[in-house]
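Okay, structure first, notes after.
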Amino acid sequence: MAVPYSLSVKGLQSPVRLAFLSDLHGEGHEKCLELTEAFQPHLVIFGGDTFDERIPLTGGLEALTAFSGRYPTFYVPGNHEIKTGRYGLVKRAAASTGAYLLAGENALFSAEGNTLLLCGVEDPLHQEEIHRKQLASACKAAEKGGCSLLITHRPERVEEYTGTPFDAVLTGHAHGGQWRFPFLKDGFLAPDVGFFPKYTGGVYDLEGTKLLVSRGLAVKNTRVPRIGNPPELCLVTLVPRG
Numbered sequence: 002m003a004v005p006y007s008l009s010v011k012g013l014q015s016p017v018r019l020a021f022l023s024d025l026h027g028e029g030h031e032k033c034l035e036l037t038e039a040f041q042p043h044l045v046i047f048g049g050d051t052f053d054e055r056i057p058l059t060g061g062l063e064a065l066t067a068f069s070g071r072y073p074t075f076y077v078p079g080n081h082e083i084k085t086g087r088y089g090l091v092k093r094a095a096a097s098t099g100a101y102l103l104a105g106e107n108a109l110f111s112a113e114g115n116t117l118l119l120c121g122v123e124d125p126l127h128q129e130e131i132h133r134k135q136l137a138s139a140c141k142a143a144e145k146g147g148c149s150l151l152i153t154h155r156p157e158r159v160e161e162y163t164g165t166p167f168d169a170v171l172t173g174h175a176h177g178g179q180w181r182f183p184f185l186k187d188g189f190l191a192p193d194v195g196f197f198p199k200y201t202g203g204v205y206d207l208e209g210t211k212l213l214v215s216r217g218l219a220v221k222n223t224r225v226p227r228i229g230n231p232p233e234l235c236l237v238t239l240v241p242r243g
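Okay, here's the thing in structure tokens:
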């Protein structure tokens with residue numbers, strides 16, 4: 002399901018469109034590509050868990066190849082890439098698809114007279130110190146001004162993002178809380194958080210920084226079934242603030 006989001010950010014002269022895919026877990030990407038083509042984004046961002054340790058790398062590589070052949074595509078790994086036990090191989094293979102690997106790196110992207118700073122940090126699983134150093138470096142780069150986006154897989158670490166110079170933080174990981182009901186808007190269960198999580202889908206305000214949490218795309222390759230919680234392709238329009 003394609004879900005539109007509008008985020009007001011500083012440093013833009015005109016709107017910029019991006020498609021944000023998180024938690025693909027190696028599943029079919031064809032429908033996402035069809036929906037993305039209808040949206041005509043300026044860029045595409047994969048926000049982690051594009052791969053899954055239980056299945057071959059082929060699905061994730063096919064997705065990155067398909068999107069990077071059509072759009073400028075940026076890829077940030079998640080925790081399941083690390084869980085493959087072949088993290089270095091996964092990153093090298095992903096970079097070979099034509100997607101831009103942001104694993105502790107920053108990239109400048111220009112569209113419609115605008116320039117965006119894209120900062121990607123690696124997941125803290127087994128490498129907490131690396132994650133923190135990369136985040137500190139990204140914050141320093143964002144302090145120079147302009148429009149800046151942080152792509153980091155985990156939404157629950159809000160204390161790390163609150164009050165930072167980023168206009169928006171793009172995350173996934175929570176799978177929408179797995180089970181969603183009208184009386185339980187944030188879902189029932191999220192990885193690394195447990196029951197009744199707080200940040201599982203949508204946009205949250207963190208003292209001026211917008212936190213966007215994708216509900217994720219995987220259906221078959223989730224440990225817990227999704228109930229009342231359709232997969233989500235985030236179609237994001239960044240609009241000039243004010």
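FYI, in my numbering the residues of the sequence shown are 2 to 243.
For glycine and all other residues, C-beta sits at the position ideal for the given N, C-alpha and C.
Per DSSP, which one or two residues make a beta bridge with residue i?
i    : result
G195 : A191
Y101 : F75
N107 : C120
N222 : None; N222 has no bridge partner.
G203 : V214
V45  : A20, T74
I228 : W180
L151 : C120, V170
P156 : Partner(s): none; P156 has no beta bridge.
T238 : S7, R18
L13  : Its beta-bridge partners do not exist; DSSP assigns none.
N115 : A112
Buried or exposed, going by whether 16 or more other CB atoms sit within 10 Å of the CB of residue i?
i    : result
V262 : With the chain running from 2 to 243 in the structure shown, residue 262 is simply not present.
R71  : exposed
P5   : exposed
P198 : buried
A1   : The structure shown does not extend to residue 1, since the chain spans only 2 to 243, so no value can be given for it.
T59  : exposed
S7   : exposed
G243 : exposed
Cutting at 8 Å between CB atoms, please list the residues of its own chain near residue i, excluding the five before and the five after it.
i    : result
L212 : P156, V159, Y162, A169, V170, T172, Y200, V204, Y205, D206
Q179 : G188, F189, L190, A191, T223, V225, P226, R227, I228, N230
E54  : H81, K84, T85, G86
L109 : T116, L117, L118, L119
What is the C-beta distance between residue i and residue j, in whole angstroms, given that I count them as a contact (C-beta under 8 Å)?
i    : j    : result
V91  : G48  : The pair is not a contact, with the Cβ atoms about 15 Å apart (cut-off 8 Å).
G105 : Q135 : 4 Å
Y101 : T66  : Actually they are not in contact, since the Cβ atoms of Y101 and T66 sit about 13 Å apart, beyond 8 Å.
K221 : E28  : 6 Å
In its own chain, which residues sit with a C-beta less than 7 Å from the C-beta of residue i, not counting the 5 before and 5 after it?
i    : result
I83  : D124, L126, H127
E130 : none
C33  : L22, L218, L234
C140 : T165, P166
E208 : T163, G164
Within the same chain, show all residues whose beta-carbon is closer than 6 Å to that of residue i, passing over the 5 residues directly before and after it, in chain order.
i    : result
R216 : G177, G202, E233
P16  : T238, V240
T37  : A20
G12  : G147, C148
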